[in-house]
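Novice: Can you keep this structure in mind? I'll have questions shortly.
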Amino acid sequence: MAARSLSQYLSFDRVAGDYDATRFLPETVREAVVEQVFSTASLASKDWFVDAGVGTGRFALPIAHRGVNVLGVDVSRDMMLQLLRKSPPANLHLVQADLRSLPVRSQSVSAVLVAHVLHLIADWRRVLLECRRVLRRDGVLFLLYESGKRFPAREHYIHLAGERGLLRPTLGAQNADEALAFVREIGGAVTLIEHPSLQWQARRTHREVLQELEKRTYSQLWDVPDEAHRELMLQTLSYVREQFGSEDGVYATEASVNLYAVRF
Ligand SMILES: C[S@@+](CC[C@H](N)C(=O)[O-])C[C@H]1O[C@@H](n2cnc3c(N)ncnc32)[C@H](O)[C@@H]1O
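Just add 1354 to the spot in the sequence shown (first one is 1) and you have our numbering.
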């Protein structure tokens, strides 16, 4: 039973077409992440960088454009097809594989990025062990989390869905702290990279947030049944109108990228 549940993970094939719209990161922040990754790991053009759970290439693309060799790994063919539509440079390579068994030689890469992935894989510890295996002695593992973006419509919908027991339980690591505790257990020294360029103000109209919710792209919402979803959307719309007058107003909220560098 335990072994069976450990084999589970969530491929993003089903939401590939909508993913980028719901994970918007300002260009300046993406560039700031790339800057921090390059300077922290002292990356040069001959080096190899693995984006573990590359998805649609939000980070792999700008990193590859800087000239380092990038290997993007993902189980989702459809997410990687979205990436290919963005005409990646020749130094960005893709492979469809499971992160629990990376198709990469031991101690061969300079850096690995794991962004928004560990909560999706029951056996997420295996992924971190694999990252440690493939890194060179002086290599750096980056764990990236986005926080903030607390838009009222989204918070309200998730609160209602939670009350009704409709949220999909997190399959993998529950949060960054749990992942970081394990990384330390296996010998990693963790540093949080703090820089003002990794913080920004996210701005969305309530209508835009409602449109995102409508698609149920967030993995937490994949199991909400259609009828319950329709009710929750109506309740959320009423809430927005009561609280803010209409769904057309812009709501601004603080957001940040929490980027951790790990050296083993
Ligand atoms: C939330 S997306 C993050 C994508 C990208 N890192 C980003 O930040 O935009 C998570 C990705 O992990 C992939 N994934 C989930 N389980 C996986 C596994 N066991 N092996 C490889 N990829 C996996 C999903 O298919 C999806 O593309």
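Ideal placement from N, C-alpha and C gives every residue a C-beta, glycine not left out.
Hey, would you say the C-beta of SER1396 is under 6 Å away from at least one heavy atom of ligand 1?
Specialist: Checking every heavy atom of ligand 1 against the Cβ of SER1396, none is found closer than 6 Å.
Novice: So within the segment 1390 to 1435, which uninterrupted beta strand (DSSP E) runs reach at least 3 residues, ignoring any that extend past its ends?
Specialist: If we require 3 residues or more, the beta strand (DSSP E) runs fully inside the segment 1390 to 1435 come out as 1402 to 1406 and 1423 to 1428.
Novice: When a residue counts only if its C-beta is closer than 5 Å to some heavy atom of ligand 1, which residues count, in chain order?
Specialist: Taking each Cβ in turn, the ones that pass are TYR1363, SER1365, PHE1366, GLY1407, GLY1409, ARG1412, ASP1428, VAL1429, SER1430, MET1433, ASP1452, LEU1453, ALA1469, HIS1470, VAL1471, LEU1474 and ILE1475.
Novice: Nearest CA to the CA of HIS1470: which residue from GLU1385, TYR1605, GLN1597 and GLN1574?
Specialist: Cα-wise, what sits closest to HIS1470 is GLN1574.
Novice: From what residue to what residue does the beta strand (DSSP E) around HIS1447 run?
Specialist: Where HIS1447 is concerned, the enclosing beta strand (DSSP E) stretches over 1446 to 1450.
Novice: Which residue marks the beginning of the beta strand (DSSP E) containing ASP1492, and which one marks its end?
Specialist: It spans 1489 to 1502 - the beta strand (DSSP E) in which ASP1492 sits, taken as one unbroken run.
Novice: Please report the distance separating the alpha-carbon of LEU1360 from that of LEU1483.
Specialist: About 15 Å.
Novice: Give the single residue among LEU1586, ARG1479, GLY1421 and VAL1429 whose Cα lies nearest to the Cα of ALA1527.
Specialist: Checking every option, the nearest Cα to that of ALA1527 belongs to ARG1479.
Novice: Which of helix, strand or coil does DSSP assign to GLN1555?
Specialist: Three-state DSSP puts GLN1555 in a strand.
Novice: Could you tell me the distance, in whole angstroms, from the CA atom of PRO1489 to the CA atom of PHE1403?
Specialist: The question names Pro, but residue 1489 is Leu in the sequence shown. Using only the alpha carbons, I get a separation of about 9 Å.
Novice: LEU1467 and ASP1401 look like a contact to me (Cβ under 8 Å); what is the Cβ gap, rounded to whole Å?
Specialist: Not quite, the Cβ-Cβ distance comes to about 13 Å (not below 8 Å), so this is no contact.
Novice: At which residues does the alpha helix (DSSP H) containing VAL1458 begin and terminate?
Specialist: Here VAL1458 belongs to no alpha helix (DSSP H), and DSSP marks it neither H nor E.
Novice: Buried or exposed: which applies to THR1545, given that a residue is buried once 16 or more other Cβ atoms fall within 10 Å of its Cβ?
Specialist: THR1545 comes out exposed.
Novice: Which whole-angstrom value is the C-beta distance of HIS1459 and PHE1618, which I expect to be below 8 Å?
Specialist: Note on identity: in this sequence residue 1459 is Arg, with His being the wrong assignment. That belief does not hold up - the Cβ atoms of ARG1459 and PHE1618 are roughly 16 Å apart, past 8 Å.
Novice: Considering only the beta carbon of each residue, do ILE1417 and VAL1449 sit closer than 7 Å?
Specialist: Their beta carbons are not under 7 Å apart, which means ILE1417 does not touch VAL1449 by this criterion.
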